[in-house]
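Reading through the structure tokens given below for one structure.
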Amino acid sequence: MFLRPSSPAETLIQPQECFSTPINRKCASNSARLGEELRVRLYKARGGLEAQTEHELLKLDHTKRILQLKLEKESEILELGLHKERERNRVAVRCEEELHNIAVQNLHAAQSHQDAVNQVTLEQAQLERELALRLLEQHPPRQ
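Here you go:
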């Protein structure tokens, strides 16, 4: 019973079914051994190729994982940068609001001060008018 050849090369080295002489049988035996050796080598080569393919796939998976981790790290860094920028903007807005409030307070204070100055000036003018009227009453102008 013979195994079926799996490649054209194995077909060439399969022992023939009918060998009548001892020399032909010995050659057939050597051919069978050679065929078996070639099958083993082919099996090993295929296994090596499969192992190499699997190794390359593992390397690709590893590279993919490394790139994924780098991407996650970059995303984290960008997110932290955005967070810092947002916080900086919030602080800047608060500072602007405080400056605006201070400016409004200063404006109100200046307005109040001006109102007080105007009130004093008005009172002073009224007092001067009253004084002038009294003086006129006490010393009427000569005609």
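When we follow full-length UniProt numbering, the leftmost residue of the sequence shown carries the number 1, and every step to the right adds one. Every residue gets a Cβ at the ideal spot worked out from N, C-alpha and C, and that includes glycine.
Task: Separation of L57 from L71, as counted between CA atoms - done: In the sequence shown, counting from the first residue as 1, residue 71 sits at position 71. In the sequence shown, counting from the first residue as 1, residue 57 sits at position 57. Going from the Cα of L71 to the Cα of L57 covers about 21 Å.
Task: Separation of E123 from L133, as counted between CA atoms - done: The residue labelled residue 133 in the question sits at position 133 within the sequence shown. The residue labelled residue 123 in the question sits at position 123 within the sequence shown. The straight-line gap from Cα to Cα measures roughly 15 Å.
Open item on the list: So, with DSSP's three-state summary, where would you put H100?
Closed with: Looking up residue 100 in the sequence shown gives position 100. DSSP places H100 in helix when its eight states are reduced to three.
Task: C-alpha distance - A125 paired with L131, whole-angstrom precision - done: Counting from 1 along the sequence shown, the entry for residue 125 is found at position 125. Counting from 1 along the sequence shown, the entry for residue 131 is found at position 131. Cα to Cα, the separation comes out at about 10 Å.
Task: Straight-line gap, E87 to T53 (C-alpha atoms, nearest Å) - done: Position 87 of the sequence shown, counting from 1, holds the residue named residue 87. Position 53 of the sequence shown, counting from 1, holds the residue named residue 53. Each residue's alpha carbon lies about 50 Å from the other.
TODO: May I have the straight-line CA-CA distance separating L97 from N89, to the nearest angstrom?
DONE: One-based indexing of the sequence shown puts residue 97 at position 97. One-based indexing of the sequence shown puts residue 89 at position 89. Per the sequence presented here, residue 97 reads as Glu, with Leu not at that position. For E97 and N89, the distance between alpha carbons rounds to 12 Å.
Open item on the list: Please report the distance separating the alpha-carbon of I66 from that of A45.
Closed with: Locating residue 66 in the sequence shown gives position 66, counting from the first residue. Locating residue 45 in the sequence shown gives position 45, counting from the first residue. Approximately 31 Å between the Cα atoms of the pair.
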